[in-house]
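A short write-up of the structure that comes next.
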Ligand SMILES: *Cc1c(COP(=O)(O)O)cnc(C)c1O
């Protein structure tokens with residue numbers, strides 16, 4: 163234990179990411195310890211009794227908690243400025259858990275329509291099976307949000323910037339509309355990351371993450387997290403998640419803890435590179451449209467500059483010639499990999515219409531503005547010049 167204590171909440175983000183939540187064992191290990199165990203033992207039967215009664219907050223079982231997972235949760239909560247964090251097995255376990263823990267048959271959910279494929283399935287087909295009524299709106303249209311959110315609405319779900327069209331939603335305005343009607347706002351902040359955007363400061367109630375993306379950022383493990391108030395975690399998340407079981411593996415939480423140490427460096431470097439690449443793509447022959455939040459031509463550039471400190475690591479663009487030309491460009495990539503993952507140190511490119519957004523169907527794709535010539539690039543940590551050279555030759559091929 164250090165003799166001098168400083169309040170972690172006063173630390174800068176880089177310090178929080180390296181030291182937040184660190185809880186060393188009596189051995190004094192430098193790195194966070196990996197507690198790769200599922201169960202716990204007790205010296206006395208009374209200890210077990212007290213723990214199960216909630217009178218002693220020690221660990222009882224891996225599905226309920228683990229010391230490595232707790233370090234990951236505390237580091238993330240500190241960074242986000244949230245009272246509480248609940249870590250889960252994947253980003254989708256987090257999206258579904260954050261919604262299902264608070265919704266019941268008859269409730270009304272309003273969501274933005276430009277959603278990640280699996281989020282779209284949860285909202286439009288899985289939750290309705292349990293009697294939840296859902297309404298989709300054009301996220302950039304505040305009048306549509308005002309019309310859709312009524313006193314009957316209990317929850318609002320949105321993604322900004324959205325995958326893959328990088329549509330930006332006015333968090334402050336939508337959270338204000340929802341609060342006036344008493345609805346809880348859940349924001350999928352996966353594309354922006356907590357480095358670039360903090361939805362809680364705009365009035366969001368719950369923020370969800372996929373640890374798989376920028377937190378790991380090196381293509382190794384799945385993970386996810388839900389950020390909320392302490393009250394929401396105790397009263398909504400714990401009763402639902404402890405008994406339904408989407409727990410994160412301690413090993414994955416440990417990999418993510420180590421990933422967080424470098425996340426700010428990676429996300430900022432990747433975002434700066436993405437900005438340069440977006441500007442270059444806009445001038446490349448054969449590219450008909452570039453979507454990037456901080457590009458002057460983005461329809462909501464002023465809003466995205468206000469909400470996000472940098473434009474993010476993702477660039478979406480459209481090539482003339484539809485699917486055939488898009489596939490041709492993918493086939494000719496020499497450095498960038500064809501992959502639907504994102505937020506990785508390795509630059510990755512995918513054709514959303516045939517992969518991440520294939521199963522939602524042509525009609526839903528058209529509604530979201532996903533065209534056959536659209537490609538989504540996740541900018542990695544390689545030299546920006548090498549990536550631009552690769553894009554140029556692949557598009558010219
Ligand atoms: C990847 C992703 C998810 C799901 O995260 P997983 O860890 O893959 O389950 C949810 N929302 C968005 C916007 C994503 O990009």
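Numbering (the numbering used here), first residue to last: 163 to 559. C-beta atoms are modelled at their ideal positions from N, C-alpha and C, and glycine is treated no differently.
- Cβ-Cβ separation between residue 367 and residue 347: approximately 5 angstroms, consistent with a contact (criterion under 8 angstroms).
- Where residue 294 is concerned, there is no enclosing alpha helix (DSSP H), because DSSP gives it neither an H nor an E.
- Non-local beta-carbon contacts of residue 383 in its own chain, meaning distances under 6 angstroms to residues more than five positions away in sequence, involve 414 and 417 in chain order.
- The C-beta distance from residue 250 to residue 256 rounds to 5 angstroms, short enough to fall under 8 angstroms.
- Judged by DSSP secondary structure, residue 317 falls within the beta strand (DSSP E) whose first and last residues are 315-321.
- The segment 238-279 is shown to contain whole beta strand (DSSP E) runs of 3 or more residues at 246-250 and 270-274, in chain order.
- DSSP places residue 499 in the strand class (E or B) of the three-state scheme.
- Distance check between residue 276 and each of 298, 268, 472 and 287 places 298 closest, using alpha-carbon atoms only.
- Excluding five sequence positions before and after residue 522, the CB atoms of its chain that fall closer than 7 angstroms to its own CB belong to 279 and 282, given in chain order.
- For ligand 1, residues qualifying as neighbours are 252, 253, 254, 255, 257, 278, 280, 281, 321, 325, 350, 352, 353, 372, 373, 374, 375, 384, 385, 386 and 504, where qualification means a beta carbon closer than 7 angstroms to at least one of its heavy atoms (chain order).
- Rounded to the nearest whole angstrom, the CA to CA distance from residue 497 to residue 552 is 6 angstroms.
- Secondary-structure assignment with DSSP links residue 223 through a beta bridge to 201.
- For residue 358, the enclosing alpha helix (DSSP H) starts and ends at 355-358.
- When the five nearest sequence neighbours on each side are left out, the beta carbons in the same chain lying within less than 8 angstroms of the beta carbon of residue 175 are those of 241, 357 and 426, in order along the chain.
- Look at residue 529 here: in three-state DSSP terms it is helix.
- Taking the C-beta atoms as reference points, residue 354 is found no nearer than 8 angstroms to residue 371.
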